[in-house]
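Chains as they are written, first to last, in the numbering used here: chain A, 7 to 113; chain B, 21 to 142.
Yeah, the Cβ is synthetic: ideal placement off N, Cα and C, and Gly gets one too.
These numbers come from a predicted model, not from an experiment.
Let me begin by presenting the structure, written as structure tokens, before commenting on it.
Structure below.
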């Protein structure tokens, strides 16, 4: 199975901060990499697919980049509603696997 | 509006069985692959399995942790997805979500239903 490792596991940030989350795959995944946001008590919601394509309706402050085995989710200016846990997902091969999550908390 | 609504969760003893359902609306259900994803309390999501469409013979894939115990099926005439869970273990305790995927490799797991909680405990 492909292992997905996110860093950091948790972070504290302030409204307006630029936030970067990294996801590393144990082998190349051909950019079949998605990012999900899960607010407390809510259902995961896809933000980014194919590494860098913004899901319809998602604010443009979210962006994704990377290729091969290293990928990044960036929030350009953190808003109050962005405090949540973020997960990466690879679906290059079965089984699809998620990262362990990055919890973004209020500083 | 695309909607996925799971049902059938509850408390079951270890070794028991449970059948989850997912009712789909707002899209052409028969044209999509469908997946089950679960999330144990305080943990990240874990893929459970997939069923493909009729054009791909309704073939299935399963996570190693559930293979041989869980069975995914669908009824396109009822726009419904099912997860039959047998020989349940404590570690199967989780919220179970159904989610939609395209038939290709690009568009997976969007959207998710609200989930149904399965608790395996004596």
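If you follow the beta strand (DSSP E) that residue i is in, where does it begin and where does it stop?
i: residue 41 of chain A; result: 39-44
i: residue 109 of chain A; result: 108-112
i: residue 73 of chain A; result: 68-73
i: residue 77 of chain A; result: 76-81
i: residue 27 of chain A; result: 25-31
i: residue 33 of chain B; result: No beta strand (DSSP E) contains residue 33 of chain B, which DSSP labels as neither H nor E.
i: residue 16 of chain A; result: 16-19
Drop a sphere of 10 angstroms on the beta-carbon of residue i, count the other beta-carbons inside from all chains shown, and report buried for 16 or more, exposed for fewer.
i: residue 22 of chain B; result: exposed
i: residue 57 of chain A; result: buried
i: residue 54 of chain A; result: buried
i: residue 45 of chain A; result: exposed
i: residue 90 of chain A; result: buried
i: residue 26 of chain B; result: buried
i: residue 140 of chain B; result: buried
i: residue 95 of chain B; result: exposed
i: residue 112 of chain A; result: exposed
Is the distance from the Cβ of residue i to the Cβ of residue j below 7 Å?
i: residue 84 of chain A; j: residue 19 of chain A; result: yes
i: residue 136 of chain B; j: residue 31 of chain B; result: no
i: residue 110 of chain B; j: residue 58 of chain B; result: no
i: residue 68 of chain B; j: residue 83 of chain B; result: yes
i: residue 75 of chain A; j: residue 92 of chain A; result: no
i: residue 138 of chain B; j: residue 116 of chain B; result: yes
i: residue 42 of chain A; j: residue 30 of chain A; result: no
**Report entry** Stretch-stretch touch, CB-based, cutoff 8 Å, three pairs: the stretch 105-113 of chain B with the stretch 35-53 of chain B
**Finding:** yes
Report task. Could you run through the stretch 63-84 of chain B and flag, in chain order, every residue whose CB is less than 8 Å away from some CB of chain A? Result -> 64, 65, 66, 67, 81, 83 and 84
Query raised in the report: If contact means a Cβ-Cβ distance below 8 Å, which residues of the stretch 105-131 of chain B contact chain A?
Result: 117, 125, 126, 127, 128, 129, 130 and 131
Requested in this report: Note down, in chain order, all residues in the stretch 30-60 of chain A with a beta-carbon under 7 Å from any beta-carbon belonging to chain B.
Outcome: 38, 40, 49, 50, 52, 55 and 56
Report task. Report yes or no: do the stretch 125-142 of chain B and the stretch 92-107 of chain A share at least 3 C-beta pairs separated by less than 8 Å? Result -> Yes, since at least three Cβ pairs between the stretch 125-142 of chain B and the stretch 92-107 of chain A fall closer than 8 Å, the two stretches touch.
Query raised in the report: What residues in the stretch 75-101 of chain A bring their beta carbon closer than 9 Å to a beta carbon of chain B?
Result: 91, 93, 95, 97, 98, 100 and 101
**Report entry** Segment contact flag, the stretch 58-70 of chain A with the stretch 7-14 of chain A, C-beta cutoff 8 Å, min 3 pairs
**Finding:** They do not touch, by the three-pair rule.
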